[in-house]
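Engineer:
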């Protein structure tokens, strides 16, 4: 019963974040950047589709990836669209020990050309400029 209520709560949270994203995009206030707009319009839905929000939007695993301010530092830790802390985790890029994954939730991207990594590469380009070797 408890897990059912948690699922309902998580679903409501995702709907609320999506509604917030729509409002922010339609308002186009000077307080939001193109990167933040892209995050709510494209990155959050990619995370939802991949199931990332099952752990990272419930409050017990950091970062809370449905919030731009919490996710951006993990994107910024790196020097190119293909090298950010977020991608290292999701694609398990620097796994020295196959028995101990970089991302406890498992490898979420078989390559950087598939979702959600593809969208994260695009987000990096919007935030910091530069091009990807996957373009």
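Numbering (the numbering used here), first residue to last: 25 to 159. Quick reminder that beta carbons are idealized off the backbone N, C-alpha and C, glycines included. Please read these numbers as outputs of a predicted model, since none were measured by experiment.
(1) In the DSSP assignment, find the unbroken beta strand (DSSP E) run with residue 103 in it and report its ends.
(2) Assign residue 108 to one of three DSSP states: helix, strand, or coil.
(3) Taking residue 111 and residue 141 to be in contact with their CB atoms under 8 Å, please state how far apart those CB atoms are, rounded to whole angstroms.
(4) Check residue 83 in the structure and name its three-state DSSP category.
(5) Does the distance from the CB of residue 126 to the CB of residue 118 come in under 8 Å?
(6) Just tell me which of 137, 106, 104, 73 has its CA closest to the CA of residue 90.
(7) Look at the alpha carbon of residue 79 and the alpha carbon of residue 65, and state the distance between them as a whole number of angstroms.
(8) Can the beta-carbon of residue 105 be found less than 8 Å from the beta-carbon of residue 94?
(9) Grab me the residues of residue 70's own chain with a C-beta within less than 6 Å of its C-beta, minus the 5 sequence neighbours each way, in chain order.
(10) For residue 137 and residue 151, I'd like the C-alpha separation in whole angstroms.
Structural biologist: With the structure as the only source:
(1) 102-104
(2) strand
(3) 6 Å
(4) coil
(5) yes
(6) 73
(7) 20 Å
(8) no
(9) 139, 140, 143
(10) 19 Å
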